[in-house]
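Participant:
In our numbering, the protein residues as written are 242 to 452.
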């Protein structure tokens, strides 16, 4: 099967059977989403959603968060992974957001990654979800699923995965395709026991086709 055929089949299936695909993180504005995505690094969305209501209430704006300290923020996020580092990142992010961008969320990836705790993946999430840009955030699910089903060819890094996906996925579909791959990896194409028997894209999957 040609790679273009695989992409076409998979994109067509998702477009029909998953026309709505969104982040499972809870947020009400760009600032809250940025906080949630920073917290979600190596942590489940479910856990993040448990701690963010109180955190968002305590720190509704960059100004309020920047005026706090990592020690105080830590108390709100102690149950997520790496709370010490993340509490420092959150306060630093708020300060830089004010100093560099007057508290307004930048739309460009290069600008976003200047903020503490914001790497390329986090920046791509913000650019994609908030600004609907064709930015492909590659997390563990996207990386694993893309290689397994054959959208990428022996990709060794998130950046190479991102570049190959962007080469074949139409720009207008990149924001939702990011969620297609995440949700597929989270609930169907799981790491240890992929549910190939019930997978809707098995006909186009490089691995499923061999089973």
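Cβ atoms here follow ideal geometry from the backbone N, Cα and C, with glycine treated the same way. The structure displayed is predicted, hence computed values, not measured ones.
1) Is residue 437 helix, strand or coil when you go by DSSP?
2) Pick out whichever of 353, 426, 407 has its Cα sitting closest to the Cα of residue 333.
3) Going by alpha carbons, who is nearest to residue 414 out of 346, 375, 395, 384?
4) Is the CB-CB distance between residue 225 and residue 304 below 9 Å?
5) Report the CB separation of residue 346 from residue 371 in whole angstroms; it is logged as a contact under 8 Å.
6) In three-state terms, what does DSSP make of residue 372?
7) What do you get for residue 402, buried or exposed, if any count of 16 or more other CB atoms within 10 angstroms of its CB means buried?
8) Once the 5 residues before and after residue 335 are set aside, which same chain residues still bring their CB inside 6 Å of it?
9) Any idea what DSSP makes of residue 351, helix, strand or coil?
10) Among 398, 388, 383, 405, whose alpha-carbon lies nearest the alpha-carbon of residue 428?
11) Which class does residue 363 belong to by DSSP, given the choice of helix, strand or coil?
12) May I ask you to report which of helix, strand or coil DSSP gives residue 281?
13) Do residue 280 and residue 478 have their beta-carbon atoms positioned less than 9 Å apart in this structure?
Facilitator: Here's the rundown:
1) Note: residue 437 maps to helix in three-state DSSP.
2) 353
3) 375
4) Here the chain comprises residues numbered 242 to 452, so residue 225 is not present and cannot be evaluated.
5) 7 Å
6) It is coil, neither helix nor strand.
7) buried
8) Correct list, in chain order: 303, 306, 307.
9) helix
10) 383
11) helix
12) Coil.
13) There is simply no residue 478 to check, as the chain begins at 242 and stops at 452 in what is shown.
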